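Working notes for the structure below.
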Amino acid sequence: MPIADADVRWVKAPKLGLLDRLYFPAIAAGLGTTIKHIFQPKVTQQFPEERPDLPANYRGLHRLNRDADGRVKCVACYLCSTACPARCIDIVAAPAPPEWKDREKYPEMFVIDELRCIYCGMCEQACPCDAIELTSMFDLTGLSREEMMFDKEKLLSVFDESVKMGKDPIRTKAGPLSCASEPAGESTTDGHG
Amino acid sequence: MDLSTIITIVVVFASLQGIAAGLVYVERKVCAYMQNRVGPNRVGPVGLLQILADGLKFIMKEEFVPKYADKVLFVVAPAIGMVAAMLSFAVVPFGATDNSGGYQFIIAKNIDIGILFIFAVSSLTVYGIILGGWASNNKYSLLGGLRSSAQIISYEIPLGLSILGVVLISGSLNLERILWHQTTGIMDWNIWYQPLAFLLFMVSAFAECNRLPFDLPETEQELVGGYHTEYNAMKLAFFLLGEYVHMITTSFLMVILFFGGWHFPWIAEPNSWAIVKLLVVLTKVAFFIVFYMLIRWTIPRFRFDQLMALAWKVFIPMALVNLVAVMFVKEFEQSLWILTGVSLAVLLGAGLIVAQPPARERKALA
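Top to bottom, those sequences are chains B and F.
Numbering-wise, my numbering puts 189 at position 11 of the first sequence, and it's gapless, one number per residue.
Numbering-wise, my numbering puts 111 at position 43 of the second sequence, and it's gapless, one number per residue.
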């Protein structure tokens, strides 16, 4: 759509007076600003010693949640790996052990390639039982590509660690309503929510 | 040449380099504080060993010469820049000097062309920049060198003209004598009679040192690194050291020419201890160096045509009027205070003239 002439407003550069042309008031004001900043509190964060206070909806390293019994919550439905735009989740499902009454399958293998992941959070959106979540851990490093392939044990240990941090993700509603904590009657709290 | 002179040379040149290296740290700190950061603080207490770390980095890096560069000039250019900057310090009295037999805080005493020597030698630094730009065989470097030559040649003129008033008032080109002329009281400092000349000198000195807002030769956005795009390691360090030494020298000049050198009422009078005088002059110089840095992070860079217009259309006429006023006052033995008035009048007049709309616009209005 072309711009209508009525909508065009012509702006003229402001006229500079004597004081403006002498530059000094502007330079003095500028110096005032810079000097004022010298005495202002500093915003620098001394990173390794001082950690940033990240919001609870930060999307960092993944974790695989445990249920109240300490088992992996995942039911190996493949919804997360299907949703994943980076195709970084690799799951191998297996029939659940007979004593696990609440589900048919569990992940025998659950590997996330943290180098391929784009941290979009679509896996946790897709997850029907809030088994996968993104924590606020952001400083993951590794010396090799193999090291950055996080398997099931590692992801579960991330859960153990992030529960200790006392800062749980808020997007999912892990806990009583989760399908993995059925049937009713069992413990409905798992330490995070 | 006696032993004490040799020792002075060694001590002065060594400490000049050390201070120049330290100024890099100070610059980074001042810059950081102005941007609400804390600056280098990891190496040593409050980051003080950063100076050492930077120096080590420069020394340990590979000395790389581009394949198509002019090898000889490429190596010689930074040396010329550095040596010229260092050499001009030879006639600067960095403390008290007199005719007694005591220690003299100057390398070359009683050089009657002192100020001329400084201008002559320090403008040689532009050779380092031009040669560096040319020898790099790189278009960005060459453009940086060309800009620098145009800029430095232009600003030499207001720099020299602004000083002439001070030289006429003191009746000497000798820096020591100009300094002594101001030590009888705070009212004898040249700043009172030559405020305009001080302004012109300071701004021109900024331009001579290639400091912001006049750092056109090394504008990152347009010219990558300017004349030192291809330089690294110690050769780059030489360019930077030269720049900082130039800064120190011009700060000393401002203090000596306009602010009474080591003189400060009640604290450093002519009969005070030499160490007090030394401290006073160093404090004044430190003030100006910090001012350099404050200005650097306050004012944005000029456009090249604005830079040239400022030198040729504003500074040179103003300096000429100021010079004529000094000649008038000296010839007819009037009070020096007239010059203060003239300075202010010239400044306001210049402002009024440029506050007029340009001829093109005036025609459109009529």
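We put the beta carbon where it would ideally sit given N, CA and C, even for glycine.
Bear in mind the structure is a predicted one, so any value in this text is a computation, not a measurement.
Which chain B residues are close to residue i, counting only those with a beta carbon under 9 Å from its beta carbon?
| i | result |
| --- | --- |
| F/G409 | By Cβ distance, chain B contributes nothing, its closest Cβ being about 17 Å from F/G409, past 9 Å. |
Could you spell out where the beta strand (DSSP E) holding residue i opens and where it closes?
| i | result |
| --- | --- |
| B/V289 | 283-291 |
| B/P273 | 267-273 |
List the residues of chain B whose Cβ lies closer than 8 Å to the Cβ of residue i, in chain order.
| i | result |
| --- | --- |
| F/Y101 | H215, I216, K220 |
| F/L412 | Result: empty, since nearest Cβ-Cβ is about 11 Å, beyond 8 Å. |
For a cutoff of 8 Å on Cβ pairs, would you count residue i as touching chain B?
| i | result |
| --- | --- |
| F/G182 | no |
| F/T366 | yes |
| F/L375 | no |
| F/V382 | no |
| F/L116 | no |
| F/R369 | no |
| F/L415 | yes |
| F/N390 | no |
| F/R215 | no |
| F/L420 | yes |
| F/V106 | yes |
Just to confirm the assignment, what range does the alpha helix (DSSP H) spanning residue i have?
| i | result |
| --- | --- |
| F/R215 | 207-238 |
| B/V215 | According to the sequence as given, residue 215 of chain B is His; it is not Val. Segment 202-216, the alpha helix (DSSP H) holding B/H215. |
| B/H240 | Not the alpha helix (DSSP H): B/H240 falls in the beta strand (DSSP E), residues 240-242. |
| F/I119 | 118-128 |
| B/R310 | Reading the sequence as shown, one finds Ile at residue 310 of chain B and not Arg. Segment 310-312 is the beta strand (DSSP E) holding B/I310; no alpha helix (DSSP H) there. |
| F/F185 | 182-190 |
| F/A379 | From DSSP, F/A379 is part of no alpha helix (DSSP H); its letter is neither H nor E. |
| F/P263 | 263-276 |
| F/R245 | 243-248 |
| F/H296 | Premise fails: F/H296 is in no alpha helix (DSSP H) and is neither H nor E. |
| B/E228 | Premise fails: B/E228 is in no alpha helix (DSSP H) and is neither H nor E. |
| F/R364 | 342-364 |
| F/E399 | 384-399 |
Should residue i be listed as close to the ligand GTP, given that the test is whether its C-beta is under 7 Å from any heavy atom?
| i | result |
| --- | --- |
| B/C258 | Ligands displayed in this structure: none; no statement on the ligand GTP is therefore possible. |
Compare the C-beta of residue i with all C-beta atoms of chain F and state if any pair is closer than 8 Å.
| i | result |
| --- | --- |
| B/R229 | no |
| B/L196 | yes |
| B/G238 | no |
| B/R265 | no |
| B/L200 | yes |
| B/G371 | Only weak support exists for where B/G371 lies, its pLDDT of 39 falling under 50; the value from the coordinates is given anyway. Closer than 8 Å: no. |
| B/G248 | no |
Can you name the residues of chain F whose CB is closer than 9 Å to the CB of residue i?
| i | result |
| --- | --- |
| B/I205 | I363, T366, I367 |
Which residues of chain F have a Cβ atom closer than 7 Å to the Cβ of residue i, listed in chain order?
| i | result |
| --- | --- |
| B/G208 | T366, I367 |
| B/T212 | M102, L362, W365, T366 |
Taking only beta carbons into account, state which residues of the segment 74-89 of chain F come closer than 7 Å to chain B, listed in chain order.
Residues: none.
On the three-pair Cβ rule with 8 Å, is the segment 304-318 of chain F touching the segment 272-281 of chain F?
Between the segment 304-318 of chain F and the segment 272-281 of chain F, the count of C-beta pairs closer than 8 Å reaches three or more; the two stretches touch.
Touch check for the segment 186-206 of chain B and the segment 73-93 of chain F: three-plus C-beta pairs under 8 Å?
At 8 Å Cβ cutoff, the stretches do not touch.
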